[in-house]
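Sequential numbering of the sequence shown, starting at -18, is according to my numbering. Cβ coordinates follow ideal geometry from the N, Cα and C atoms, glycine included.
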Amino acid sequence: MTQHSVRIWDLPTRLFHWALAASVVGLVITAKVRGNAMEWHFRLGYGVLALLVFRMVWGLMGGRWSRFTSFLYSPVRVLRYLRGSAHAEDSIGHSPLGALSVFALLAVLVAQVATGLLSDDEIAFAGPLTRFVSNAVVGQATGYHKEIGQYLVLGLVGLHLIAIIFYVLVRRQRLVRPMLQGDKLLPAPATPSRDDLTSRAMALVVLALSAALAWWVSSLGAAAGF
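Structural data, given as structure tokens:
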């Protein structure tokens, strides 16, 4: 059978994926070590904030298969996929199940970062947004961030890894290599994602603006003397 090599994941999406993965690992480690490591926990948190903002924007203007519209499946489409009646495009970018995993993980990470910005350990570290809300809100955010949120993140990351292993070993689908190289071997031609110098320069601008926003948020705490 003839295989067609198609650019599915553009470079900005691939760099985002691996940068987010490394940052989440770093956040988990620094949270467990605590102490002075919490300074890095906050820095990594601001980094994840920048990455999430970037992904939200890139999901609207990125390469064909990185846009949210390419993997925003209807419940009927998901059910058909689960019943084995997959659409021809279901195996090109994110599958219906993969899409659910991506949206869930993004949502949980947004909640974790947001509550982190509102958290206070009542010892040495407080999020930059704590001065804008009541003590009750700070307490609720801190409780969620330390107790519920971190385990949701760990659980979804674990499910994500299990799903990858399942697709690689059982369904014999290569998922890791395309996220490294960008191209995917497909049984039929498909519309490739745009991944030229112009789109990469555009992504760099979006990332710079996202980083500037994260830096501004972090400066709010400094302005309050935290």
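Counting only runs of 4 or more residues that sit fully inside the stretch -1 to 44, the alpha helix (DSSP H) segments are 18 to 42, in chain order. Scanning its chain for C-beta atoms nearer than 6 angstroms, with the 5 sequence neighbours on each side dropped, one finds around Ile145 the residues Leu156, in chain order. Within the stretch 46 to 97, the complete alpha helix (DSSP H) segments at least 4 residues long are 56 to 63, listed from N- to C-terminus. Following the DSSP letters along the chain, one finds Arg158 in no beta strand (DSSP E) but inside the alpha helix (DSSP H) bounded by residues 157 to 162. With a threshold of 16 other beta carbon atoms within 10 Å, Asp(-9) meets it and is buried. Linking Ser(-14) to Gly120 through their CA atoms gives a straight-line distance of about 52 angstroms.
In this structure, Ser174 keeps its C-beta atom at 8 angstroms or more from the C-beta atom of Ser55. Of all alpha-carbon atoms in Val14, Val34, His68, the one lying nearest the alpha-carbon of Val57 is that of His68. Taking one beta carbon from each stretch, the stretch 37 to 52 and the stretch -9 to 9 have 3 or more pairs nearer than 8 angstroms; the two touch. The beta carbon of Met160 sits closer than 7 angstroms to those of Trp(-10), Arg(-5), His(-2), all from its chain and outside the five residues before and after it, given in chain order. Taken through DSSP and simplified to helix, strand or coil, Arg153 comes out as coil.
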